[in-house]
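>
Numbering (the UniProt record's numbering), first residue to last: 1 to 126.
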């Protein structure tokens with residue numbers, strides 16, 4: 001069994017490009033309607049995990065427009081500092097710079113273009 005985040009974005013096409021540039025994700029599938037707007041897409045993280053994206057649908061408000069966090073996604077990475085540098089160079093909003101925690105993790109937290117929060121983590125002690 002695997003858990004796959006399924007995130008809504010106001011503009012899925014823009015989100016696909018942003019996630020590729022900011023987090024190093026790779027687009028796998030893109031489905032657009034007759035109007036050309038992407039309504040579903042699939043990406044993989046650098047470690048091969050899936051992330052689904054969907055168009056907003058009626059009544060959707062992004063976390064940024066809503067003014068509150070609605071989801072936090074945590075991804076294990078090989079190098080938290082490198083992931084942080086990539087994300088911030090592409091314009092991600094830093095919520096927490098790379099930090100070592102008392103639980104033996106190196107973590108950072110950034111916000112994407114619509115306000116979803118992403119944690120990048122690496123276990124540094126056993």
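Glycine included, every Cβ here is placed at the ideal spot set by N, Cα and C.
Note that the coordinates shown come from a computational prediction; the quantities given were computed from them, not determined experimentally.
Which of the three DSSP states is assigned to residue 89 in this structure?
Walking along the chain shown from the start, residue 89 turns up at place 89. Note: residue 89 maps to helix in three-state DSSP.
> DSSP state of residue 23, grouped into three classes?
In the chain shown, the residue the question calls residue 23 occupies position 23. It is helical.
> Per DSSP, what kind of secondary structure is residue 113 in: helix, strand or coil?
The residue given as residue 113 occupies position 113 in the chain shown. Of the three classes helix, strand and coil, the one that applies to residue 113 here is coil, per DSSP.
> Report the partner residues of residue 106 according to the DSSP bridge assignment.
What you label residue 106 is simply residue 106 of the chain shown in a count that begins at 1. The partner list for residue 106 (beta bridge, DSSP) reads 100 and 122.
> Have a look at 47, 65 and 57 and flag the residue whose alpha-carbon is nearest the alpha-carbon of residue 39.
For the purposes of this step, residue 39 is taken as the residue at position 39 of the chain shown. Here the closest residue by C-alpha is 57.
> Please list, in chain order, all residues of the same chain as residue 25 whose beta carbon is under 7 angstroms from its beta carbon, the five residues on each side excluded.
In the chain shown, the residue the question calls residue 25 occupies position 25. Answer for residue 25: 19, 43, 44, 45 and 51, listed in chain order.
> Secondary structure at residue 14, three-state DSSP: helix, strand or coil?
As a first step, residue 14 must be located in the chain shown, where it is residue number 14. Residue 14: helix per DSSP, three-state reduction.
> Considering only residues of the same chain and omitting the five flanking positions on each side of residue 29, which have a CB-CB separation below 7 angstroms?
Locating residue 29 in the chain shown gives position 29, where the first residue counts as 1. Around residue 29: 41 and 42.
> Under 8 angstroms by Cβ, that's how I've got residue 66 and residue 15 pegged, so tell me the actual separation to the nearest angstrom.
The residue given as residue 66 occupies position 66 in the chain shown. The residue given as residue 15 occupies position 15 in the chain shown. Not confirmed; about 16 angstroms, so no contact.
> Roughly how many angstroms lie between the CA atoms of residue 104 and residue 37, to the nearest whole one?
The residue you call residue 104 lines up with position 104 of the chain shown. The residue you call residue 37 lines up with position 37 of the chain shown. Rounded to the nearest angstrom, the two C-alpha atoms are 43 angstroms apart.
> Could you please give me the residues that DSSP links to residue 29 through a beta bridge?
In the chain shown, the residue the question calls residue 29 occupies position 29. Partner(s): 42.
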